[in-house]
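Peer 1:
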Amino acid sequence: MAQLRPPRCIYYTAATLDGFLADEHHDLDWLLRLTPDPERTPAAFDFASFFGTVGAMVMGANTYRWVYRHENLATHPERWTDTYGVVPTWVFTHGELPEVVGADIRTVRGPVADALPAIRETAGEGDIWLLGGGELAGQVDDAGALDELRISIAPVTLGHGNPLLPRRLVDRLTTTGVHSDGTFAYLSYDVRPPSSSLRL
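Add 407 to a position in the sequence shown, counting from 1, and you land on the number used in our numbering.
1) With L441 as the anchor, note down where its beta strand (DSSP E) starts and where it stops.
2) CA-CA distance, W497 and D554?
3) In its own chain, which residues sit with a C-beta less than 6 Å from the C-beta of S587, not counting the 5 before and 5 after it?
4) Where do the N-terminal and C-terminal ends of the alpha helix (DSSP H) with S456 fall, by residue?
5) I'd like to confirm the pairing. Which residues does DSSP put opposite P570 in its beta bridges?
6) Which two residues bound the contiguous alpha helix (DSSP H) that contains A544?
7) Residues in its own chain within less than 8 Å of I560 by CB, not counting five upstream and five downstream?
8) Helix or strand or just coil, what does DSSP make of T420?
9) Nearest-angstrom Cα distance between P573 and P600?
10) So what does DSSP say about V585, is it helix, strand or coil?
11) For the alpha helix (DSSP H) that A522 lies in, which residues bound it at each end?
12) Considering only residues of the segment 475-520, which uninterrupted alpha helix (DSSP H) runs meet the minimum length of 4 residues and lie entirely inside it, listed in chain order?
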């Protein structure tokens, strides 16, 4: 019997040209104004195709709170499952978070490395979608668990805000895809783990 490959942790997100996920107020209005061309979106960035490979989701508290507000989940909790189904979602937080009725959301208060075995177990044969934020992505990389970047670069600069990946990655990225739909540039990279880390 062929051995199943371990789930890959994929940082799939959008960022500005100057490397920010959001402004200093965690606002994504700049992103919501843009419309990608679905006819020219590469397969690796097509949301439905990508999400079909996802077995677990991981995000930070600020990302979760933004989704909660943007989708008005307090009033319409069904919007979560309409988009994400029952995929287990791990949220790293230092405080309390509002719940979404019907969603499989698991809060984590502790080091990323300690939670990785359980996250991988819930992912099963699927991959792990790391939504953000950037510091959480950095902690996943610190643990040697970041496998791939799929970044949609928007034709926007903010000047300051929440950085995409506040870590120094030198000689560890292999470019695997470069595409454009006329609005977004789509960049894909494989990530080699830090030489000083053990693969957890």
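Note that beta-carbon positions come from the ideal geometry of N, C-alpha and C, so glycine has one too.
Peer 2: Quick answer:
1) Here L441 belongs to no beta strand (DSSP E), and DSSP marks it neither H nor E.
2) Between the C-alpha atoms of W497 and D554 there is a straight-line separation of about 18 Å.
3) Scanning its chain for C-beta atoms nearer than 6 Å, with the 5 sequence neighbours on each side dropped, one finds no residue around S587.
4) Counting along the chain, S456 sits inside the alpha helix (DSSP H) bounded by residues 454-458.
5) Bridge partners of P570: F427.
6) Segment 541-549, the alpha helix (DSSP H) holding A544.
7) If we look at I560 and ignore the five residues flanking it on each side, its Cβ neighbours are A421, A422, T423, L424, F591, A592, Y593, L594.
8) Strand.
9) Going by the C-alpha atoms only, they are around 16 Å apart.
10) Strand at V585.
11) Unbroken alpha helix (DSSP H) run through A522: 519-530.
12) Runs of the alpha helix (DSSP H) lying entirely within the segment 475-520 and spanning at least 4 residues, in chain order: 485-491.
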